[in-house]
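Residue 73 is where the sequence shown starts when you use our numbering, and the numbers rise one by one after that. Yeah, the Cβ is synthetic: ideal placement off N, Cα and C, and Gly gets one too. As the structure is a computational prediction, the values presented were derived from the model and not from experiment.
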Amino acid sequence: MDKYFEELPCAITVSDVDGNILDMNVKAGSLYEKRGGREALIGKNLLDCHPEPARSKLVGLLQEHNVNAYTIEKEGQKKLIYQTPWFENGEFKGYIELSLVIPFEMPHYIRKPKTN
């Protein structure tokens with residue numbers, strides 16, 4: 073994991089085109105300590121880590137290369153989950169998942185371009 077992302081307070085997981093986990097930052101590893109953390113999960117397939125219907129959703133994402141974004145509430149925290157394809161020289165290389173704890177209530181701003 074790049075040094076800039078290694079200690080961010082959000083979980084980052086990177087997978088390849090088949091869903092094999094290539095890398096995880098510290099936060100992602102700590103979220104999955106019960107499954108062995110980074111050491112146990114890097115090299116494993118995301119499809120083996122998810123029950124239905126999430127597994128089928130991942131299969132579709134890997135085939136279609138769409139963004140999947142949603143919020144969840146787990147253990148008293150609200151999280152934004154953002155799963156996005158990553159590319160290298162225009163070629164699909166896999167997915168990156170960001171998991172960020174967000175406030176239950178937060179401001180929403182509409183930014184409009186300035187007019188002359």
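- Sequence-distant partners of Ile114 (beyond 5 residues in either direction) whose C-beta falls short of 6 Å from its own C-beta, in its chain, are Ile93.
- Annotation: the stretch 125–164 contains the following complete segments of the alpha helix (DSSP H) (minimum length 4 residues), in chain order: 126–136.
- Inter-residue distance for Ser171 and Leu130 is about 16 Å (C-alpha atoms, whole angstroms).
- Per DSSP, the beta-bridge partners of Met96 are Thr85.
- In this structure Val86 is in contact with Asp95, their Cβ atoms being roughly 5 Å apart against a cut-off of 8 Å.
- For Gly109, the enclosing alpha helix (DSSP H) covers residues Gly109 to Leu113.
- In this structure, the CA atom of Gly109 is about 27 Å from the CA atom of Glu160.
- Around the CB of Gln135, fewer than 16 other CB atoms lie within 10 Å, so the residue is classed as exposed.
- The alpha-carbon of Ile144 is positioned some 14 Å away from that of Cys82.
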